Amino acid sequence: MDHLSTFAEGAPWFVGWGTLALINAALAQGKNRSGLLWFLLSLLFGPLATLLLVVLPKVRGNLF
25 MDHLSTFAEG
35 APWFVGWGTL
45 ALINAALAQG
55 KNRSGLLWFL
65 LSLLFGPLAT
75 LLLVVLPKVR
85 GNLF
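Heads up, the final residue of the sequence shown is numbered 88 in my numbering, and it's a clean run with no missing numbers.
Encoded structure:
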């Protein structure tokens, strides 16, 4: 039972981190970047990946 209570205390961190990763994936796709790549980067770096996504410009499409 002790392990269950320890996990329950850390659960909000996992939920918040996962939600941030999903938001970053959507934000990346909105800027024409790979959603999967940014999802994985967000799982590793969290808010730092969000900051990078906000600062980076949108990827331009083909000129022709």
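Cβ coordinates follow ideal geometry from the N, Cα and C atoms, glycine included.
A quick note: this is a predicted structure, and the numbers were derived from the prediction, not measured.
Would you say residue i and residue j are within 8 Å of each other, going by their C-beta atoms?
i: Ser-58; j: Ala-45; result: no
i: Val-78; j: Asn-56; result: no
Going by C-alpha to C-alpha distance, which of the options sits closest to residue i?
i: Thr-74; options: Ala-35, Ala-52, Glu-33 and Lys-82; result: Ala-52
i: Thr-91; options: Glu-33, Lys-55 and Leu-64; result: With the chain represented from 25 up to 88, any question about residue 91 goes unanswered, as that position is not in the structure.
From residue i to residue j, what does the alpha carbon distance come to, in whole angstroms?
i: Glu-33; j: Gly-85; result: 45 Å
i: Ala-49; j: Trp-37; result: 18 Å
i: Leu-61; j: Leu-68; result: 11 Å
i: Pro-71; j: Gly-54; result: 18 Å
i: Leu-76; j: Ala-35; result: 26 Å
i: Pro-81; j: Ile-47; result: 17 Å
Is residue i near the ligand NAP, with its Cβ less than 7 Å from a heavy atom?
i: Ala-50; result: This structure lacks the ligand NAP; in fact it carries no ligand of any kind.
Checklist entry - What are the uninterrupted segments assigned as alpha helix (DSSP H) that are 4 or more residues long and contained completely in the region 47–79, given in chain order? => result 59–69 and 71–79
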